[in-house]
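There are 8 protein chains.
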Amino acid sequence: MSEKEEILSLLQDVQAGKVKPEDALLRLKEEPYEDIGYAKVDFHRELRQGVPEVIYGLSKTKEQIEGILHAMEKRDLKNILVTRIDPDKADYLSARFPLRFDALSGLAVAYPAEVEHHGSVVVATGGTSDIGVAEEAAITAETLGSRVTRLYDVGVAGLHRLMHNLDPLMSARVVIAVAGMEGALASVIGGLVDCPVIAVPTSVGYGASFGGLSALLSMLNSCASGVSVVNIDNGFGAGFLANRINQMRSAED
Amino acid sequence: MSEKEEILSLLQDVQAGKVKPEDALLRLKEEPYEDIGYAKVDFHRELRQGVPEVIYGLSKTKEQIEGILHAMEKRDLKNILVTRIDPDKADYLSARFPLRFDALSGLAVAYPAEVEHHGSVVVATGGTSDIGVAEEAAITAETLGSRVTRLYDVGVAGLHRLMHNLDPLMSARVVIAVAGMEGALASVIGGLVDCPVIAVPTSVGYGASFGGLSALLSMLNSCASGVSVVNIDNGFGAGFLANRINQMRSAED
Amino acid sequence: MSEKEEILSLLQDVQAGKVKPEDALLRLKEEPYEDIGYAKVDFHRELRQGVPEVIYGLSKTKEQIEGILHAMEKRDLKNILVTRIDPDKADYLSARFPLRFDALSGLAVAYPAEVEHHGSVVVATGGTSDIGVAEEAAITAETLGSRVTRLYDVGVAGLHRLMHNLDPLMSARVVIAVAGMEGALASVIGGLVDCPVIAVPTSVGYGASFGGLSALLSMLNSCASGVSVVNIDNGFGAGFLANRINQMRSAED
Amino acid sequence: MSEKEEILSLLQDVQAGKVKPEDALLRLKEEPYEDIGYAKVDFHRELRQGVPEVIYGLSKTKEQIEGILHAMEKRDLKNILVTRIDPDKADYLSARFPLRFDALSGLAVAYPAEVEHHGSVVVATGGTSDIGVAEEAAITAETLGSRVTRLYDVGVAGLHRLMHNLDPLMSARVVIAVAGMEGALASVIGGLVDCPVIAVPTSVGYGASFGGLSALLSMLNSCASGVSVVNIDNGFGAGFLANRINQMRSAED
Amino acid sequence: MSEKEEILSLLQDVQAGKVKPEDALLRLKEEPYEDIGYAKVDFHRELRQGVPEVIYGLSKTKEQIEGILHAMEKRDLKNILVTRIDPDKADYLSARFPLRFDALSGLAVAYPAEVEHHGSVVVATGGTSDIGVAEEAAITAETLGSRVTRLYDVGVAGLHRLMHNLDPLMSARVVIAVAGMEGALASVIGGLVDCPVIAVPTSVGYGASFGGLSALLSMLNSCASGVSVVNIDNGFGAGFLANRINQMRSAED
Amino acid sequence: MSEKEEILSLLQDVQAGKVKPEDALLRLKEEPYEDIGYAKVDFHRELRQGVPEVIYGLSKTKEQIEGILHAMEKRDLKNILVTRIDPDKADYLSARFPLRFDALSGLAVAYPAEVEHHGSVVVATGGTSDIGVAEEAAITAETLGSRVTRLYDVGVAGLHRLMHNLDPLMSARVVIAVAGMEGALASVIGGLVDCPVIAVPTSVGYGASFGGLSALLSMLNSCASGVSVVNIDNGFGAGFLANRINQMRSAED
Amino acid sequence: MSEKEEILSLLQDVQAGKVKPEDALLRLKEEPYEDIGYAKVDFHRELRQGVPEVIYGLSKTKEQIEGILHAMEKRDLKNILVTRIDPDKADYLSARFPLRFDALSGLAVAYPAEVEHHGSVVVATGGTSDIGVAEEAAITAETLGSRVTRLYDVGVAGLHRLMHNLDPLMSARVVIAVAGMEGALASVIGGLVDCPVIAVPTSVGYGASFGGLSALLSMLNSCASGVSVVNIDNGFGAGFLANRINQMRSAED
Amino acid sequence: MSEKEEILSLLQDVQAGKVKPEDALLRLKEEPYEDIGYAKVDFHRELRQGVPEVIYGLSKTKEQIEGILHAMEKRDLKNILVTRIDPDKADYLSARFPLRFDALSGLAVAYPAEVEHHGSVVVATGGTSDIGVAEEAAITAETLGSRVTRLYDVGVAGLHRLMHNLDPLMSARVVIAVAGMEGALASVIGGLVDCPVIAVPTSVGYGASFGGLSALLSMLNSCASGVSVVNIDNGFGAGFLANRINQMRSAED
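Protein chains in written order, with numbering that gives the first Met the number 0: chain A, 0 to 252; chain B, 0 to 252; chain C, 0 to 252; chain D, 0 to 252; chain E, 0 to 252; chain F, 0 to 252; chain G, 0 to 252; chain H, 0 to 252.
So, in structure tokens, the structure goes:
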């Protein structure tokens, strides 16, 4: 039932005398989140977007994350992603919640549950150093229900490594291209495949990479069509979007 | 027939004596493009990506564009996009080719042909000044086969204008959010819908918008999931990608 | 009557059978703006913020501005601000609407009407070259009902010029400090007065002023308290905000 | 008695022989601050701006802060703000002065005293991570006499959280909008309310947030009128200015 | 008579009944400039700094410059510098005032008068393209009374050209080093001479010179001691400062 | 005869009484250039570097270029390069000197003379729009004696166009990779060949290409070894350096 | 045997029935690297470029480096460069492989072997602080077979230090100029020598050196011909390229 | 005896048979520095510039500094400045050389000796946090022979603190203005005094001060004449230059 239908139905209940105007007003303004002071935990999101709220862990204390998880567990949510936490926070949370933690990416999944994997997302990296970001993307997409193939260290300076892995690329529904330094991987892959390519610049590099700026600009200026870009090191965002595209159904018309 | 199958088939023809090794070598190296000196017109692209090559018109002379179109017309291609040309170039080309030209976006379609429109792409803008870029996106997606809904001047400073247009947004398969200045439109839409959002920063603004940098950074830092970004003013890129996502079929498994 | 009260009243009308649920739904979604295709002209804004919508003229065609003004004149709005138009556009519009145009700032007032001026806003500039931006601020504030004192060319390199004009500064309710180059005027004034200071960096300068960046950073880093900053050359924004502050009434508790 | 009146009175005393010219000269040049070598502690400021000098603690040693507080306590000042100190400095100072310390914001109030709270300032944040900066703003405004309402974690990616808190926003005299990443909160609030909005960009974020630059540019380019901006993370500046605006009385004419 | 002595004397006159308190107040506040609306023409400056005010011509209209010159001519000032005007403005002003105009630098001297030249200022440039800026510096310093030697096109890529001109460099009291592109001239000269070196970065160059940024950063980072820097293309500032240093007398102790 | 040998020989002549000390001093300081006021025309350069001085034409007037050419023609120099001149300047100079002009690159060769071409330099571009810069490089290298192969429009978005042209690349002694936008061409070529690669970023592009910054950073961060970079659009510099490398002889040990 | 010949030969074997089509396909796609999960160790590179793959150590764990070295040792490779490792990683690796480690540059050579040194590469630095980067360049070039002369602390602020070392510069085949701060060394050397100059900006400096940006821009804008630039602090890249140029043989025609 | 005279005298000695040509050559090339491997310690500098070489200590090891000091002590140099060393290095050096160390600025003076102080240099700071940089300037100037007056914490936000200290400013021969944040101090002082002002931006501040960039740009854009700028935090450079200017004697003509 869409929001419009809900409102219409509510108004009909008011007209029918089943609901008092004051109560209707209340429901129209009811908070679809729980306010725990330092956070307003969003439950509407799962309804709205089909995915429970994700907890961005970097600048939250472990106690804050704990509080948000407590608010969420009351709703019986599963596979809650907690991004960018260090082993300390992971240990603290593991002692209190069922938690699966990947140290390389700093990504945790609270109340992990089995999900079926569908379609095909390829996560490719330019180098070994990009793997942390790539795993954040890969685990996110897997947790949300996508089948993921990893293709690591296939940077353009040794093009044959990419060329010998064309099969998974060519059959992918979405490709995530993760690269630092000059970020050329996104353009080269974008020129080869006919599916959407999500480019993730990484902060890998030194000097004139300026913390990922070089790869970011490269990817934004990609001469290949079908490439879009997320924030530097934003593996989660890429994985989330890749899953959303991968799970698309055929248009009805 | 995939490239792998083609090679295997070619090798079998060699083994069967139908094709000489020297000829096979030639075909393996055959150029899937026409070299006209200042350009290598790519015909392989339609096979590879299902869309004829697009001519980026901004820094090409009208004679160069004419030459490329001549090379393409020999292959009987339709709906060839020529981006960022001014009325002068459009006039010159119109006298030589069937051409549909949109002055607002500077986008032309050579050898225009009817296409069926499927699915649903919404193109939204923050203001009136963003419409040129938005039309580049909308016409591109339409030409490639997408059904497009335009939602212009719904910037976040008058949120009720967006709120009263939730229906097309909520039923979209892809949304393109086009905005200059602070670029907040992408985040607000990204928080409302459950489909992929392609954000296009525009160079609309002055002062600290620094030619679109402000909107670009805003969109890259979007706190909403499901948002990715293309280059400043890159309406074509957004329309191309939106069509690609919109046309996706259900995964088979 | 607040929005909450309106909704409650509407619901009571539904309950009383005075309004059908379908009509109530319609009214809840009624568009408080007029959609003229390339723009959604906002009338709700005057209710919401007490000021009619302002037309940002820079990147609109004269026909677009004309269309928006036609939509607004039907509502009998007065003192409609049209910012950043050149004499050509001003001539075109003057032939069609009552219009007062200031060439220095490029600011026009359509359907000008007398307003009473209250309180005290001082607009100060560092140099002669900043006067265009300053007039945009001053005329905006005056049109909205503020009494404005101009204090031009009082930059800090000749501090005595500022010192000999302390009286209007000291009795101001709001000061707008407009300066390019090193933008020190905002800090010096900010250290002298006890009212809010709105700093407007201008693009006046050359070389390492980088189009106003120098003044912008200076003003953001002001060591004086009570100073806030608007965009480079944004005289309108400063005048609008200054008027809003100047018109404040005493808090009731 | 204004400074002008003071000078006139002094001159009349000289004429009347009550004050010798030499003494008058001295008083005209008398230092309204105490010079303690590494600092010139400003007492004139309270007269000039109605608020005692604030001690910016970040780059001062605890001994320097102590020295400045000693100079101030001789004047019997109350509610002296000391910003950006860490728990170590706070402990050191607590042992020597009456001190109220907020660890989240690093803000201390020396010689705390009860104040009455007037008017209405709302401090809103985009996320949980912005609360430190928000508290610096909130405590500053409260200490200076403003009534403050906190509205935390209402970022635009979950717009319903903001929409369900419209009441305090709509009745605010000043709103402080604190946000990192894309900083869209300021524009959305600016479009809703009819009071001054002070935008505080925060350094919360990563990658292309470039230490708060993204939010800063966003806020400067806000398409909503009535918004001005302070430095990145400058909660104190926002709270100080908000209080100044909130405490404004009606203009007399 | 110093300002302090003036005030004391004034106060003694008040005590002696020679001056009324109200008149003394007036004189204490008397404006040492003429206010012509768009400008406050500073006459105090010649007293304060020994040089008449300079008119920055770039963003002033020819009528504004004319007005300021009229205000100045009443005081019988000579050798008034008007910087950065184009031939049009120069023609307009020449018809109204005695004016010497240098087209290369855009610098004019109104009411030119003979001055004696003292000391020794060397103005060196890296290339031919830097001469416009260099002449602004050279003519400024000459007009203010310095003897100037020009040393043009001695950039470091052909070091022997500099080495064969060491004599004037070695006997200079001040050197102005004008260079664009990589700006190395300032460091090389700074390492050779034992007098102050004023570095002027120019906007000469292309690509990664970013409008003079490259030369500016180079000069700020000069590994040679005794080098300081002015704004990009600021020949006037360099010439003014060079003259000030060149004209210094021996310290008395 | 090396410079050291020259000095020794000169000193021996002094000892032998053939040369007077005063004359020797003079010769040691003799100027190896002609000073024509606005330029010091360098003749030493041909001795020093084997190539006559190049005239950077962009910011010189046609009369200045003429003057420099007159100074050079007296020495009977051939193949003098004049870079970045427009057709107007070219016409003016053609009427006065034997001149070969390439309109696409703006490069002229005065006193053109036949040269033999040796070795192998490949100039490759990403797109058609980069050809102007590429021709500057190619003609420079050819004029200085290199054999040049042009490989235009082989950008990485259509990798097969590059792959079908591997032969000239693989047999090159030096490759110049000219590309704008994301500049990935340099990395891809750098990973394929085993000769030095000179990368030339171009200002081709829009939006986040920021005038060539994107390509510049990309190329500097190239993950391929053997790549070095020159300034944005610096075709001349690349061609000059490529020729220098191409003409290298085997080391003797 | 070139790749083209290899393919032809393979096809002839297929025709002759010696190889089955399926096996030929396999060999055409055979991986010329070893995939160890987190890295694809490239052995093709030595064939392709004559130098074994280099391990960029900075962002790899010691275990990852160990794994890559194990993969390489199976191929009996010598003189494998491992860049940017700290003493901890060096100790760990030394216990497992023959390893020569230079602490100043952080460069290690695994399986070190004697090589003959040819030609002449000069590595010059502006100051003492640049020596770490310079040693990375020097050891790289030596390990690959170049004879290297070090010329340290010859910055342009004391030009005589450079002038007294002209002999090695003048006889070099390649010069590497390593400098931070204003980076003028590259231009000065570039103007003196007639061989290729590779400029390496370093991050040495503070303030407006912005982590090496100042030196980088300087070097890119060098007014001397024959200079190209690598990334900030990229000693390895400079040494690799210098060796490649130094080892060049005479062109055959 | 000037260098020219020295060469002439040497040549006369050759002619007279007193010196052999080979020995003369040697002396002409004699190294006026000591090469200790990692540094070329410059003794010529004292002759050339009247001041012994300064040791930039930040990126040198204590052993390197020790080595350079040992090389210098052999020449019996006094008052050798060692900048930017930490207490550890200072302790190490103190145990080996007579050393005076200032912890606030990190500046040490080796072999300290009494010097007479002449003239008048004022060092002013905007705030307490700028004192470290200011002391580097002040001690440098004092050590080189200038009389220095310190004027700390006189930032423009409390202008009366500056106004009550006009006497030392007005009688200064050179002023050093040290300020972070918005750096307005340099402009205000520059407008008041008639002597050269050396502006030193500091990295004091946060957020949009971007490590001193804000103050740097401010100072470069100063609307006051007579102001020049050195690198961010470069107290030493300012002190060195201030002394050089302060010690100037009257021009002879």
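Every residue, glycine too, gets a C-beta built ideally from N, C-alpha and C.
At least three beta-carbon pairs within less than 8 Å, the stretch 120 to 131 of chain C to the stretch 170 to 187 of chain C: yes
Count Cβ pairs between the stretch 128 to 135 of chain F and the stretch 224 to 234 of chain F that sit closer than 8 Å; are there 3 or more? yes
Using the three-state DSSP reduction, which class does glutamate 181 of chain B fall into: helix, strand or coil? coil
Report yes if the C-beta distance between valine 121 of chain C and asparagine 245 of chain C is below 7 Å; otherwise report no. no
Just the Cα atoms here: how many angstroms apart are aspartate 90 of chain E and threonine 201 of chain A? 58 Å
Count the other CB atoms within 10 Å of the CB of valine 114 of chain A; is the residue buried (16 or more) or exposed (fewer)? exposed
Using a Cβ-Cβ cut-off of 8 Å (strictly less than) and excluding sequence neighbours within five positions of isoleucine 138 of chain H, which residues of its own chain qualify? Asp101, Ser104, Leu106, Val108, Gly238
Do the stretch 210 to 226 of chain F and the stretch 154 to 172 of chain A meet, that is, are 3 or more Cβ pairs less than 8 Å apart? yes
Do glutamine 63 of chain B and proline 20 of chain G come within 7 Å of each other at the CB atom, strictly closer than that value? no
Does the distance from the C-beta atom of serine 145 of chain F to that of glycine 118 of chain F stay below 7 Å? yes
Should alanine 112 of chain F be labelled buried (16 or more other beta-carbon atoms within 10 Å of its own) or exposed? exposed
Flag this pair as yes or no: are the beta carbons of arginine 248 of chain B and serine 249 of chain A separated by less than 7 Å? yes
Near leucine 7 of chain A, what residues of its chain come up, given a Cβ to Cβ distance below 7 Å and the 5 sequence neighbours on each side ignored? none
Pull up the distance between the alpha-carbon of leucine 215 of chain G and that of threonine 82 of chain F, whole angstroms please. 24 Å
According to the neighbour-count rule (16 or more other Cβ atoms, all chains shown, within 10 Å of its Cβ), is arginine 160 of chain H buried or exposed? buried
Buried or exposed: alanine 136 of chain D, going by 16 or more other Cβ atoms within 10 Å of its Cβ? buried
Which of the residues in the stretch 137 to 157 of chain D, read from start to end, lie with their CB under 8 Å from any CB of chain A? Tyr151, Asp152, Val153, Gly157
Got a sec, what are the start and stop residues for the alpha helix (DSSP H) phenylalanine 235 of chain B sits in? 234 to 245
Check whether chain K comes within 7 Å of asparagine 220 of chain B, counting only Cβ atoms and requiring the distance to be less than that. Going by chain labels, chain K is absent from the structure shown, which instead holds the protein chains A, B, C, D, E, F, G and H.
Sequence-distant residues of its chain with Cβ nearer than 7 Å to glycine 211 of chain A (five each side left out): Gly179, Pro200, Thr201, Ser202, Ile231, Asp232
If you draw a straight line from the alpha carbon of valine 228 of chain A to that of arginine 99 of chain H, how long is it in whole angstroms? 56 Å
Please decide whether serine 202 of chain H counts as near chain C, where near means a Cβ-Cβ distance under 7 Å. no
For alanine 241 of chain G, which residues in the same chain have their Cβ closer than 6 Å to its Cβ, ignoring the five residues on either side in sequence? Val120, Ala140, Val173, Ile175, Ile197
To the nearest angstrom, how far is the alpha carbon of lysine 73 of chain H from that of tyrosine 32 of chain H? 12 Å
State yes or no: is the beta carbon of glycine 211 of chain D nearer than 7 Å to at least one beta carbon in chain H? yes
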